[in-house]
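As numbered in our numbering, residues 233 to 538 make up the sequence shown, in order.
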Amino acid sequence: MSSEAEGWNKVLWERQPFPDNYIHPHSFLSSLRRNPNFKPYTYWPLVLLCCAITQHLATIFTFLAVFVRLKERWLDARVLLWLSIVSFFGGYALYEILSCSNPVRGTFTRSNAIKSSLLVFLALMGLSPVLRTLTAATSSDSIWALSACLFLLNALLADYSSMKPVQQERWISATLTLLSILIFRCRLSSVLSMNAAISSSVVLASRLPDDLAVFALVLFAVQLFALFPILRHQLQVTPQVAQILFTLTLCVLSFTLTAPLSVSVAYIYAGISITVTFVAPGVLVWAQKYKKHIRGPWDVAVPRLN
Numbered sequence: 233m234s235s236e237a238e239g240w241n242k243v244l245w246e247r248q249p250f251p252d253n254y255i256h257p258h259s260f261l262s263s264l265r266r267n268p269n270f271k272p273y274t275y276w277p278l279v280l281l282c283c284a285i286t287q288h289l290a291t292i293f294t295f296l297a298v299f300v301r302l303k304e305r306w307l308d309a310r311v312l313l314w315l316s317i318v319s320f321f322g323g324y325a326l327y328e329i330l331s332c333s334n335p336v337r338g339t340f341t342r343s344n345a346i347k348s349s350l351l352v353f354l355a356l357m358g359l360s361p362v363l364r365t366l367t368a369a370t371s372s373d374s375i376w377a378l379s380a381c382l383f384l385l386n387a388l389l390a391d392y393s394s395m396k397p398v399q400q401e402r403w404i405s406a407t408l409t410l411l412s413i414l415i416f417r418c419r420l421s422s423v424l425s426m427n428a429a430i431s432s433s434v435v436l437a438s439r440l441p442d443d444l445a446v447f448a449l450v451l452f453a454v455q456l457f458a459l460f461p462i463l464r465h466q467l468q469v470t471p472q473v474a475q476i477l478f479t480l481t482l483c484v485l486s487f488t489l490t491a492p493l494s495v496s497v498a499y500i501y502a503g504i505s506i507t508v509t510f511v512a513p514g515v516l517v518w519a520q521k522y523k524k525h526i527r528g529p530w531d532v533a534v535p536r537l538n
């Protein structure tokens, strides 16, 4: 059998005195490959990529801290409203600086975006009395549990991918409206994530004492969970130092707002941020040595075309 096997060829179109699944014993492991196309990760690039997750967690805790202050009447709703307006125009100016948009195309997009943003602003103002009484028949414990589940869903489904510079042309002035988000963002998971965060914000806003507080909180939620992720994508193509400083600023802000309300919650948030940013990348780099993806002649044949 061994002498006959010397004339065996690994083809199916030729008649040979061997079964179709026959493999030459001497060439069985000649094409064995371990971890093909595997590029090992390094620690600090992974830490930099995890900054997007840390930023998103910081926005969630910042929103919760603002909600508690509004609910306990420690924060004036008018102050939050003016802060939201100022941050809106500041974020838009930063986006325009980073995008370096085309003047002609940008003018057309800005006019439509401003009209849409005014429409959203007036719609939220008109719906504030309805939102305030939305969950009047529901107990507060159910509201807290529903809000926690929705924020958890928001964090799990959020789009943390980085945007390549060639894609920036498509995102010009998209930060101004929810309509622009639905047009330019094609990923279903990111849309579900945004809807979960806005829904959670609405049910929390229904526990506030007056209509102005409801309007200010929902407007603040739209900026954090609908518009800020687009600006975050834009910031991911900036130098690494800018990304690190921006992440550190958000973390310090959220921790500062959370610590006076609950020291234990602030420590939990700090532990989660440190774990996500520094511990998780280290675990992934350490676990790479256990990766064993073996390819060989037993795999399904892949045709090679010229």
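Heads up, the beta-carbon is just placed ideally off N, CA and C, and yes, glycines get one too.
DSSP bridge partner residues for residue 310 (one or two, in chain order): In the DSSP output, where bridge partners are listed per residue, residue 310 has none listed.
Buried versus exposed, by CB contacts within 10 Å (16 or more), residue 406: Residue placement at residue 406 is poorly supported in this model, since its pLDDT is 37, which falls under 50; the coordinates are not used for a value here.
Reduced DSSP category for residue 364 - H, G, I as helix; E, B as strand; rest coil: Here residue 364 sits in helix by DSSP.
Buried versus exposed, by CB contacts within 10 Å (16 or more), residue 185: For residue 185 there is no data in the structure shown, the boundaries of the chain being 233 and 538.
Where residue 526 sits in the DSSP three-state scheme: In the structure shown, residue 526 sits in a strand (DSSP, three-state: E or B).
Ordered list of beta strand (DSSP E) runs contained in the stretch 449 to 488, each at least 3 residues: For the stretch 449 to 488, not a single whole beta strand (DSSP E) run of length 3 or above is found.
Distance, residue 293 Cα to residue 486 Cα: So the alpha carbons of these two residues sit roughly 6 Å apart.
Span of the alpha helix (DSSP H) around residue 299: From DSSP, the alpha helix (DSSP H) with residue 299 extends over 275 to 303.
Whole-angstrom C-beta distance between residue 490 and residue 498, which should lie under 8 Å: The distance from the Cβ of residue 498 to that of residue 490 is about 4 Å, consistent with a contact at the 8 Å cut-off.
Buried versus exposed, by CB contacts within 10 Å (16 or more), residue 372: In this structure residue 372 is exposed. Its beta-carbon is surrounded by fewer than 16 other beta-carbon atoms within 10 angstroms.
Residue 446 and residue 364 closer than 9 Å at C-beta: Between residue 446 and residue 364, the C-beta gap is smaller than 9 Å, which places the two residues in contact.
Closest Cα partner of residue 449 within the set 355, 309 and 379: If you compare the alpha carbons of 355, 309 and 379 with that of residue 449, the shortest gap goes to 309.
Nearest-angstrom Cα separation, counted from residue 471 out to residue 245: Between residue 245 and residue 471, the C-alpha separation is close to 56 Å.
For residue 368 and residue 438, the rounded distance between their alpha carbons: Rounded to whole angstroms, residue 438 to residue 368 spans 8 Å at the Cα level.
C-beta contact flag for residue 298 and residue 307 at 9 Å: Cβ distance < 9 Å, so residue 298 and residue 307 count as in contact.
Segment contact flag, the stretch 268 to 284 with the stretch 475 to 485, C-beta cutoff 8 Å, min 3 pairs: The way I'd put it, the stretch 268 to 284 does touch the stretch 475 to 485; three or more beta-carbon pairs between them come closer than 8 Å.
Which residues DSSP lists as bridging residue 439, in chain order: According to DSSP, residue 439 bridges with nothing at all.
Continuous alpha helix (DSSP H) stretch holding residue 386: start and end: Taken as a continuous stretch (DSSP letters only), the alpha helix (DSSP H) holding residue 386 covers 372 to 389.
Identity of the residues DSSP links to residue 266 by a beta bridge: DSSP lists 526 as partners of residue 266.
Residue 287 vs residue 482 beta-carbon contact at 9 Å: Against a cut-off of 9 Å, the Cβ pair of residue 482 and residue 287 comes out as a contact.
Contact test: residue 422 Cβ vs the ligand SAM heavy atom, cutoff 8 Å: The ligand content of the structure shown is nil, which means the ligand SAM is not present either.
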